[in-house]
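Residue numbers (this note's numbering), protein chains in the order written: chain S, 1 to 335; chain F, 1001 to 1335. Below you'll find the structure, written out as C-alpha cells, and then a few comments.
2 protein chains.
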Amino acid sequence: MNIKDLAKILNVSPSTISKAFRNSYDISAETRERILAKAKELNFQPNAFASSLRTQKTKTIAVVLPEIANNFFTLVINGIEAVAQKQGYHVLIYITHEDAQKEKDFITSLQSGRVDGVLISLSQGTTDSSHLLELQEKGIPVVYFDRVLENIDAIKVTTNDFESGYAATEHLIQQGCKKIAHLLFHEHLSISEKRKMGYLQALSDYDYVMNPDLIITCTGNHNMDYKIIKELLSATALPDGIFSSIEKLAILSYEVCNDLDINIPEKIKIITFSNLETASLLNPSLTTMTQPAYEIGEKAATILFNLLTKKNPASKNDSFILKSSLIKRNSTSIN
Amino acid sequence: MNIKDLAKILNVSPSTISKAFRNSYDISAETRERILAKAKELNFQPNAFASSLRTQKTKTIAVVLPEIANNFFTLVINGIEAVAQKQGYHVLIYITHEDAQKEKDFITSLQSGRVDGVLISLSQGTTDSSHLLELQEKGIPVVYFDRVLENIDAIKVTTNDFESGYAATEHLIQQGCKKIAHLLFHEHLSISEKRKMGYLQALSDYDYVMNPDLIITCTGNHNMDYKIIKELLSATALPDGIFSSIEKLAILSYEVCNDLDINIPEKIKIITFSNLETASLLNPSLTTMTQPAYEIGEKAATILFNLLTKKNPASKNDSFILKSSLIKRNSTSIN
C-alpha cells in the first residue's frame, strides 16, 4: 500500500493525500478527515510524513539561542512564551553557548521530530545554516531572530541595527565626545557589523577621523575582556566616549572605571545596547539603546505559529525589522 | 512471551528480569548481562520498559525551573551545562512561570521518554509531586534544587536558608536598624519559610519585638508589588531596614526609594538574597546574601549523572546543603 493506492481507493489525487497528511489548508477539513479516517482504517501511514505526523503532536517548539545570562534573551523568551501559551504549546530552550557545533548537533537531533518548529538566534561561530535548511526540508519550520546570517533565504526578525548604531554614536557626538571608542565581539554575524557600520557612518557624517585603534574587539571571556578594556582606559589619551555593542562590555567598562577611579560621565560617557533591568539604578544610571526584546519574541513566535497552522504564513524570505529606542540617562549627561 | 516465560527459561524470578531491564544494581552485572543477552536472542522486550530503554538514547536532560529572568537561575544553568557538556549531553530548559499546571503537564509529557533525567526547581504553586514520582517510576531520575517540597522523599540540593535569613537580619541589627521589614513571596515552598524563620529567630535572639505588619507578602506582579512596597515606605513610621527574600523585591525597593527620595543607606538599609551581576555597580552598591548558584547547578547535575550511570548514586532521600555568603556593600553601611 502506498500513497497512489490510497488515492485510487478514495478517488482523489496523490497530492491530495499528501495534503491531508500535512494538514494543509489547501484542502477542505472534510476531505482531510475522510482521507485520514480511511488511512487509519487501512492502517496506512506514508513514510515520508511519519516524522512530521509525529511532530504535529509534540505541541512543543524549541528556542535555540547563544545565552540566557542576558536580559535581551530573557525578554525575548517571555515574548515567545506569551504567544506559545495562547496556542497551548510548550517551549523548550536550548543554549548553544556560542558554540556552532553544539548548535548544529542539537538542530540535527530535532530532525527526529521532537518539536513542531524552531526559533533561533545564531551563535557567533555559525557560518553556514545547512543543518537548519535540512530541518526545514523535514517540514519543521524555522524562524530566525536577532542574530541572523545575511546571505541565506530565511524568515528573519531583527532590529534596525545600522540606524541604532548611528543614533548611539550621534548621541555621544552631541554630548560633546571627541574620541569615541566602539566595543564589540568578533562574530560572523551581521548584527555587530551593522552596528559598527552605523558608528562609522556617524563619525564620517560629523567629520570625525576614524581611528581603528578605537574599535575594540573583545573575546567573550570575562577576564580577558576586563584586561582589554582596562588597557584602553589606561592609555594616556583616554577616549571620552564609549559606544558598546554588547551589554556585558558596558558593565565591564563600569567596573574598570570604578577600579581606575575614572568618573562617568565627567571623564568618559558610555552608551550601550542593553535591556538591563537595573540600568536606571546603576551609578551613574546607564544610557541605553534598547531593543524591543519582548516584541521580537512575540513577533517571531507569531510568525512560527502562522507557519505551523498555515494561516497567513510568511514567505521564506520575509524580513521583519523592529526599532530600538535610545534611552538617555546620566552616563552620557553633560556636567 | 512475557516476563514470566523468560524467567522460567532462565531459571530466575520475574523480579530479577525486571531488575535486569531497569539496570538495577540489586543484581550482579553478570546476571544482568545473561538476562539481557537471552532477551535479545529471543527478541523480547518487556513493554513496560520500552520507554525507559528508549530514554537511554536521548543524551538529553531537562532542567525545569520557574523563571530565567533571574541571575540565580542563569548561574545554576551554567553550572548544569558545564557538567552536561563533559558528559556529552544536551540540556533542555523548560520554564514553568510559577504555574504548577504547566509544570505538571510538561513533566507528564516527559514520560514518553524524551529525556534521560530531570533537574527541577519547583514553581510557587506546586503542592504535590505525584507527577514527579510517576516520572521516577518510569526510570527517569529526578534531582530537586533550591525550591523543594519538605515532605517528600527526594534527592535535594539546597542552600542553608534558615541560617542565611538569620545572618541577613543579624547584619541589619548590627548596622543599627531598629525596625526591620521582611519582603517575600507567598509560596508553598520551604525556601521562603526558612528564610522568614531565620529572620524571626534573629529578631527574637536580639530581643526585637516581632511586628507582623513588617512582614510584607508580595505577589510577583511588578505593578502590584511596587504599590505594596510604596505603601510600606510611605508610612509615617518608616522601617529603617529591609531584608528581602527575593532579588526582584530589592530592586523594586530601590526604585521606590528613588521615586520617594528616600536615601539608602541613610534612611533605610537594604539587604537581599541575590546573584545580581550589577549589585556592586548600583547606586548605592547592594549588600547581598548570595547563594552559590553555579555550584548548586554543578552539584545537582553531578548527582543526576551519577544516577544515570549508576556510579556512586545518591539515595532517594539524600539532601545536600550548600552555603550562601553575606557580601557587605554600601546599601547597609553606617553613615
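Beta carbons are placed, not taken as given, at the ideal position from N, Cα and C, and that holds for glycine.
Just the chain S side, please: which residues come within less than 8 Å of residue i by C-beta, in chain order?
| i | result |
| --- | --- |
| Ser1106 (chain F) | The sequence shown places Phe at residue 1106 (chain F), rather than the Ser named in the question. His90, listed in chain order. |
| Arg1173 (chain F) | Note on residue identity: the sequence assigns Ile, not Arg, to residue 1173 (chain F). In chain order: nothing, as chain S lies at least about 26 Å away. |
Mind pulling the chain F residues with CB within less than 7 Å of residue i?
| i | result |
| --- | --- |
| Tyr254 (chain S) | Leu1281 |
| Ile61 (chain S) | The premise fails here: Ile61 (chain S) is roughly 12 Å from chain F at the closest Cβ pair, so nothing lies under 7 Å. |
| Ile246 (chain S) | Per Cβ cutoff of 7 Å: no residues; Ile246 (chain S) is ~14 Å from chain F at best. |
Would you say residue i and residue j are within 8 Å of each other, going by their C-beta atoms?
| i | j | result |
| --- | --- | --- |
| Thr108 (chain S) | His188 (chain S) | no |
| Val1143 (chain F) | Ile1303 (chain F) | yes |
| Asp116 (chain S) | Ile80 (chain S) | no |
| Val1083 (chain F) | Glu1298 (chain F) | yes |
| Ile1228 (chain F) | Ile1216 (chain F) | yes |
| Ala1344 (chain F) | Leu1010 (chain F) | With chain F represented from 1001 up to 1335, any question about residue 1344 (chain F) goes unanswered, as that position is not in the structure. |
| Asp225 (chain S) | Leu252 (chain S) | yes |
| Ser1319 (chain F) | Lys1196 (chain F) | no |
| Ser1331 (chain F) | Pro1265 (chain F) | yes |
| Val118 (chain S) | Leu133 (chain S) | no |
| Ser129 (chain S) | Leu149 (chain S) | yes |
| Thr1159 (chain F) | Tyr1199 (chain F) | no |
| Glu247 (chain S) | Thr272 (chain S) | yes |
| Ile1077 (chain F) | Ile68 (chain S) | yes |
| His1090 (chain F) | Phe106 (chain S) | yes |
| Phe1044 (chain F) | Leu1006 (chain F) | yes |
| Tyr244 (chain S) | Ala237 (chain S) | The sequence shown places Ser at residue 244 (chain S), rather than the Tyr named in the question. No, Cβ-Cβ distance for Ser244 (chain S) and Ala237 (chain S) is not below 8 Å. |
| Asn275 (chain S) | Asn71 (chain S) | yes |
| Ala20 (chain S) | Leu42 (chain S) | no |
| Gln1175 (chain F) | Lys1269 (chain F) | yes |
Mind listing the chain F neighbours of residue i? Cutoff is C-beta to C-beta under 9 Å, in chain order.
| i | result |
| --- | --- |
| Glu81 (chain S) | Ile1095, His1097 |
| Ile296 (chain S) | Within 9 Å Cβ-Cβ: nothing; Ile296 (chain S) doesn't reach chain F, min ~15 Å. |
| Thr74 (chain S) | Glu1067, Ile1068, Ala1069, Asn1070, Thr1074 |
| Asn335 (chain S) | None at all; the shortest Cβ gap to chain F is about 17 Å. |
| Asn263 (chain S) | Those within 9 Å of Asn263 (chain S) in chain F number zero; the least Cβ separation is about 14 Å. |
| Ile251 (chain S) | Glu1277, Thr1278, Leu1281 |
| Ile271 (chain S) | Simply none; closest approach about 16 Å. |
Could you name the residues of chain S that residue i contacts, counting a contact when the two beta carbons are closer than 7 Å?
| i | result |
| --- | --- |
| Glu1266 (chain F) | Going along chain S, no residue has its Cβ under 7 Å from Glu1266 (chain F), so there is no contact; the nearest lies around 16 Å. |
| Ile1140 (chain F) | Near Ile1140 (chain F) there are no residues of chain S at all, since even the closest Cβ is about 15 Å away, more than 7 Å. |
Whose Cβ in chain S lies nearer than 9 Å to the Cβ of residue i?
| i | result |
| --- | --- |
| Thr1159 (chain F) | Going along chain S, no residue has its Cβ under 9 Å from Thr1159 (chain F), so there is no contact; the nearest lies around 20 Å. |
| Glu1030 (chain F) | Simply none; closest approach about 34 Å. |
| Glu1163 (chain F) | What Glu1163 (chain F) touches in chain S: nothing, since even the nearest Cβ is about 27 Å away. |
| Asn1288 (chain F) | Per the sequence shown, the amino acid found at residue 1288 (chain F) is Thr instead of Asn. Simply none; closest approach about 13 Å. |
Going along chain F, which residues have a C-beta under 8 Å from residue i?
| i | result |
| --- | --- |
| Thr302 (chain S) | Those do not exist, as Thr302 (chain S) stays about 19 Å from chain F at its closest Cβ, beyond 8 Å. |
| Asn78 (chain S) | Ala1069 |
Looking at chain B, is there any beta carbon in it that lies within less than 8 Å of the beta carbon of residue i?
| i | result |
| --- | --- |
| Ile327 (chain S) | Among the chains of the structure shown, chain B does not appear; the protein chains present are S and F. |
Report task. Note down, in chain order, all residues in the region 1213-1244 of chain F with a beta-carbon under 9 Å from any beta-carbon belonging to chain S. Result -> none
Query - Completely contained beta strand (DSSP E) runs for the region 280-333 of chain S, where each covers 3 or more residues - result: Fully enclosed beta strand (DSSP E) runs of 3 or longer: 287-290, 319-322, 325-327.
Requested in this report: Pull out every residue of the region 1109-1135 of chain F whose Cβ sits closer than 8 Å to any Cβ of chain S, in chain order.
Outcome: Ser1109, Arg1114
Requested in this report: Give a yes or no on contact between the region 1313-1323 of chain F and the region 1093-1112 of chain F, applying the rule of three or more CB pairs nearer than 8 Å.
Outcome: no
Query raised in the report: Curious, which full-length beta strand (DSSP E) runs of at least 3 residues does the region 1183-1268 of chain F contain?
Result: 1215-1218, 1241-1244
Query raised in the report: With a cut-off of 8 Å, do at least 3 Cβ pairs link the region 143-154 of chain S to the region 276-283 of chain S?
Result: no
Report task. Take every Cβ of the region 1323-1331 of chain F, pair it with every Cβ of the region 1160-1173 of chain F, and state whether three or more of those distances are shorter than 8 Å. Result -> yes
Query - Contained beta strand (DSSP E) runs [length at least 3] in the region 100-132 of chain S, N- to C-terminal order - result: List check, beta strand (DSSP E) in window: 117-120.
Report task. Taking only runs that begin and end inside the region 1127-1168 of chain F, name each unbroken beta strand (DSSP E) of 3 or more residues, in chain order. Result -> 1142-1145, 1155-1159
Query raised in the report: Per the contact definition of three or more C-beta pairs closer than 8 Å, is the region 178-186 of chain S in contact with the region 209-226 of chain S?
Result: yes
Query - Length at least 4, wholly inside the region 1028-1097 of chain F: the alpha helix (DSSP H) runs in chain order - result: 1029-1041, 1047-1055, 1071-1086
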